[in-house]
Amino acid sequence: MSRGDRVAVSGILSTSMRDNYGEYGVEEQYYKKVGSTYRNPHYPGIRLCLFSWLNKWWKMEHDRVKAFSEDDMMLLDMAAADLGSGEATLAFIEWCTLGKRRHQQQKEQAEINGLPLPKKKQVIIPDLIDDEFPRPQIMAADPFTSTAYTERTSFPCANLSFDDFAEGLLPTTRVDVSTGEAKALDVPEDSPIVIEMVVCSFAMHLVENPSSLFTLLWELSLKSRWLIILAPHKKPEIKDGWGWSKWDTEAWAESPMAQSKGEFIHERVHCRVYRSLNV
Numbered sequence: 001m002s003r004g005d006r007v008a009v010s011g012i013l014s015t016s017m018r019d020n021y022g023e024y025g026v027e028e029q030y031y032k033k034v035g036s037t038y039r040n041p042h043y044p045g046i047r048l049c050l051f052s053w054l055n056k057w058w059k060m061e062h063d064r065v066k067a068f069s070e071d072d073m074m075l076l077d078m079a080a081a082d083l084g085s086g087e088a089t090l091a092f093i094e095w096c097t098l099g100k101r102r103h104q105q106q107k108e109q110a111e112i113n114g115l116p117l118p119k120k121k122q123v124i125i126p127d128l129i130d131d132e133f134p135r136p137q138i139m140a141a142d143p144f145t146s147t148a149y150t151e152r153t154s155f156p157c158a159n160l161s162f163d164d165f166a167e168g169l170l171p172t173t174r175v176d177v178s179t180g181e182a183k184a185l186d187v188p189e190d191s192p193i194v195i196e197m198v199v200c201s202f203a204m205h206l207v208e209n210p211s212s213l214f215t216l217l218w219e220l221s222l223k224s225r226w227l228i229i230l231a232p233h234k235k236p237e238i239k240d241g242w243g244w245s246k247w248d249t250e251a252w253a254e255s256p257m258a259q260s261k262g263e264f265i266h267e268r269v270h271c272r273v274y275r276s277l278n279v
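If you use the UniProt record's numbering, the sequence shown corresponds to residues 1 to 279, in order.
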């Protein structure tokens with residue numbers, strides 16, 4: 001199969017994102033060229049990284065999260081360039097679904113023989129998600145590949161860019177994962193929204209201007225508790241004073257920005273976690 005044939009089959013112009021950017025340009029050309037058919041070839045690593053993070057987060061934050069009101073468990077899939085076909089959304093839905101299923105299976109097994117259901121030997125499986133887990137909500141945004149996102153997930157995707165987020169904008173619609181129902185995002189003036197986690201995959205390094213990156217990150221830190229950055233490298237460089245602390249997921253504590261301990265790495269995908277200093 002020739003290189004041209006491989007491109008036609010995959011729906012991606014090249015498996016090398018660097019080649020794609022160099023040949024077509026990042027925003028104006030490349031994503032407009034493949035926006036409706038884009039699929040991230042790193043999905044296996046993205047999925048494993050998010051499973052690892054969500055398992056650890058649920059284990060360590062269980063008592064806090066279970067106290068949420070019904071619609072407070074919100075994830076923002078902030079594609080903004082490279083995750084528009086819904087990889088983070090799909091991984092989150094799978095984690096929630098399998099975790100709840102495992103919990104139900106354990107209860108049913110315990111009722112039968114009084115013993116807990118043993119864990120199956122798999123590399124990474126979702127932890128048990130009990131009935132105290134709040135109803136998960138998802139918002140999504142992408143200025144170039146929103147069509148692919150909606151076609152793959154059936155969920156709406158706002159046409160918002162990094163610049164829009166830096167100006168304080170948010171999607172106006174959220175989806176209840178349990179029912180698939182889309183609802184308007186209501187933000188009371190006297191009670192600012194707090195998004196539990198923002199996931200940005202293979203995209204934030206495209207904000208090359210430090211001033212623009214600071215503005216974006218600071219604005220996100222005012223609205224979200226956790227920032228999850230997935231990338232094939234350790235970019236972008238986030239600095240102290242930008243509204244976030246680097247989070248060591250092993251120690252479940254702040255760590256120096258340059259420290260790699262406590263990061264997740266699967267299938268060459270790096271997962272770095274940051275905790276907001278402003279919410």
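All C-beta atoms in this analysis are idealised placements derived from N, C-alpha and C, irrespective of residue type, glycine included.
Item: Cα-Cα separation, threonine 89 to phenylalanine 162; Value: 18 Å
Item: Exposed unless 16 or more other CB atoms sit within 10 angstroms - verdict on methionine 78; Value: buried
Item: As assigned by DSSP and simplified to three states, the class of valine 269; Value: strand
Item: Burial state of glutamine 105, where buried means 16 or more other Cβ atoms lie within 10 Å; Value: exposed
Item: Residue-level contact to chain C via CB, glutamate 167, 8 Å cutoff; Value: Chain labels in this structure do not include chain C; a single protein chain is all it has.
Item: Any 3 or more C-beta pairs closer than 8 Å across the segment 209 to 223 and the segment 64 to 75; Value: no
Item: Proximity winner among Trp244, Lys261, Pro232 and Pro192, relative to alanine 251 (alpha-carbon distances); Value: Lys261
Item: Span separating the alpha-carbon of leucine 50 from that of serine 211; Value: 29 Å
Item: Residue from Ser276, Ser69 and His266 whose Cα sits closest to the Cα of tryptophan 53; Value: His266
Item: Bridge partners - glutamine 137, DSSP secondary structure assignment; Value: Met74 and Asp176
Item: Between the CA atoms of phenylalanine 202 and alanine 184 - distance to the nearest angstrom; Value: 28 Å
Item: N-terminal and C-terminal residue of the beta strand (DSSP E) that methionine 60 is part of; Value: Not the beta strand (DSSP E): methionine 60 falls in the alpha helix (DSSP H), residues 43 to 65.
Item: Proximity below 8 Å, CB of serine 85 to CB of tyrosine 149; Value: yes
Item: CB of threonine 249 within 8 Å of CB of valine 273, strictly; Value: yes
Item: Complete beta strand (DSSP E) runs within the segment 148 to 230 (minimum length 3 residues, chain order); Value: 173 to 176, 181 to 184 and 195 to 201
Item: Nearest residue (CA-CA) to proline 44, options Glu70, Asp176, Ile124 and Glu208; Value: Ile124
Item: Endpoints, beta strand (DSSP E) assigned at serine 69; Value: Note, serine 69: premise wrong, no beta strand (DSSP E); not H, not E.
Item: Own chain, CB closer than 6 Å to glutamate 68, minus 5 neighbours either side, in chain order; Value: As written in the sequence, residue 68 is phenylalanine, which differs from the glutamate given in the question. Excluding residues within five positions, the ones whose Cβ falls inside 6 Å are Pro134.
Item: Among Ser276, Val65 and Cys96, nearest to aspartate 176 - alpha-carbon criterion; Value: Cys96
Item: Leucine 169 versus proline 126 - alpha carbon distance; Value: 32 Å
Item: Inter-residue Cα distance where the pair is aspartate 240 and methionine 257; Value: 7 Å
Item: Residues that DSSP places opposite arginine 101 in a beta bridge; Value: DSSP lists no partner for arginine 101.
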